[in-house]
Amino acid sequence: MRGPDLVGRARSSDGTGIAFQVYGDAGPFVVFGNGIGVTHESLVLQLEHLRQGFRVVCWDHRGIAGSIDAPTVRNARNRGAMGSGDGTRGAAMPVAAHAIDCLAVMDALAIECATYVGWSMGVQVGFELLRLVPARISRLVALSGVAGRIFQGALPSAWVERVFGWMVGRSIPLVPLVSPLARHLIGTRAFFLAAQRIGFVGKAASPEIFMRMLRCVAELDHTHYLRTLAGLGEHDAMDVLRTTQVPILFVGGRQDRLTPVALLESLARQAADARVHIVNDGTHFALIEAPEEVNSVLEAFLRGS
Numbered sequence: 565m566r567g568p569d570l571v572g573r574a575r576s577s578d579g580t581g582i583a584f585q586v587y588g589d590a591g592p593f594v595v596f597g598n599g600i601g602v603t604h605e606s607l608v609l610q611l612e613h614l615r616q617g618f619r620v621v622c623w624d625h626r627g628i629a630g631s632i633d634a635p636t637v638r639n640a641r642n643r644g645a646m647g648s649g650d651g652t653r654g655a656a657m658p659v660a661a662h663a664i665d666c667l668a669v670m671d672a673l674a675i676e677c678a679t680y681v682g683w684s685m686g687v688q689v690g691f692e693l694l695r696l697v698p699a700r701i702s703r704l705v706a707l708s709g710v711a712g713r714i715f716q717g718a719l720p721s722a723w724v725e726r727v728f729g730w731m732v733g734r735s736i737p738l739v740p741l742v743s744p745l746a747r748h749l750i751g752t753r754a755f756f757l758a759a760q761r762i763g764f765v766g767k768a769a770s771p772e773i774f775m776r777m778l779r780c781v782a783e784l785d786h787t788h789y790l791r792t793l794a795g796l797g798e799h800d801a802m803d804v805l806r807t808t809q810v811p812i813l814f815v816g817g818r819q820d821r822l823t824p825v826a827l828l829e830s831l832a833r834q835a836a837d838a839r840v841h842i843v844n845d846g847t848h849f850a851l852i853e854a855p856e857e858v859n860s861v862l863e864a865f866l867r868g869s
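Just remember that my numbering sits 564 ahead of the position in the sequence shown, which is counted from 1.
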């Protein structure tokens, strides 16, 4: 795939440098939010398709790839919009921090209003943008993601969800002990095959792209990864979903155990203007399992149909 048409760096409100990429040199702007721990290279099948008629903007989440610098680390330990918790190394990174970073990128590119597409974690960032600056998001696409708490659909009860979220937060100080092993295992072909065997990712998934995702996660700062995950677990934008008038498209996989079909359908019923498209054989990674179907649905929605 050809690389981005434009790369740059925006400065977020706390001074963190946020790397961004633009695919396409003409057409309406579309802002595309990544999943946790991965970069724009995980979205290549969508970017290559959409760049033909849109200018698609991606950015590296703080602490990832080109968005690593001192403020990211410092503010992950502080309270407030850019970092919450008790001021220790175990503080969660709130979703609002990523939404503010995205706004910095939009400002750097002079984007007044755009359609927002998010995958997984990127969906929560999109709903947080709707909370912060509703006039700047015209439509929202939620690919394998939710408006409420991320563990809600994957776990059997609210009690288990709360316990799991607590465990994620408390495990952060242990990361230095297990990170070397995680780096060795996560980025391997064996890990990919095991993920397929248990149904986490489908047989039709692009091995090249999924392995790229794995290597990205394997190589990052796992303490920061868990801080980000803890922040996602705390995030809830159901109030935004229920009050926004922005058209929303939920796209999910029928085999997705993290964002089940029933949950997506329930979310859509609670919104003023929402629809659901289900990829029959898709998992959480439907965007790389059935890219033609996902791209077709995406483009139709982006064009207003």
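Ideal Cβ placement from N, Cα and C applies to all residues, glycine included.
Using only the alpha-carbon positions, how far apart do Gln-616 and Arg-833 sit?
When rounded, the distance between both Cα atoms is 33 Å.
Check this for me: beta carbons of Ile-714 and Gly-797, under 8 Å apart or not?
Yes, the pair counts as a contact, with Cβ atoms nearer than the cut-off.
In the structure shown, what three-state DSSP assignment does Ser-606 receive?
It is helical.
Is the beta carbon of Val-705 less than 8 Å from the beta carbon of Leu-813?
Yes, these two residues count as a Cβ contact at 8 Å.
In angstroms with no decimal places, state the Cα-to-Cα distance between Ala-835 and Tyr-680.
Looking at the two C-alpha atoms, the distance is approximately 16 Å.
Who does Arg-575 pair with in a DSSP beta bridge?
For Arg-575, which the question treats as bridged, DSSP gives the partners Gly-581.
Is Val-710 closer than 8 Å to Leu-607 when the C-beta atoms are compared?
Going by C-beta atoms, Leu-607 is not nearer than 8 Å to Val-710.
In chain order, what residues of the same chain lie with their CB nearer than 6 Å to the CB of Val-840, ignoring the 5 residues before and after it?
Correct list, in chain order: Phe-814, Leu-828, Glu-829, Ala-832.
Going by DSSP, what residue range makes up the beta strand (DSSP E) through Arg-867?
Careful: Arg-867 lies outside any beta strand (DSSP E) and carries neither H nor E.
With DSSP collapsed to three states, give me the class of Val-739.
For Val-739, the pLDDT reaches just 47, beneath the cut-off of 50, and the residue's location in the model is therefore unreliable, although a value from the coordinates is still provided. Note: Val-739 maps to helix in three-state DSSP.
Identify, in the order they occur along the chain, each residue of the same chain with its Cβ nearer than 6 Å to the Cβ of Val-571, setting aside the five sequence neighbours on each side.
Gln-585.
Give a yes or no on contact between the segment 672-691 and the segment 590-604, applying the rule of three or more CB pairs nearer than 8 Å.
Taking 8 Å as the limit for Cβ pairs, the verdict is that the segment 590-604 does touch the segment 672-691.
In angstroms with no decimal places, state the Cα-to-Cα distance between Phe-849 and Gly-627.
Their backbone Cα atoms lie some 23 Å apart in a straight line.
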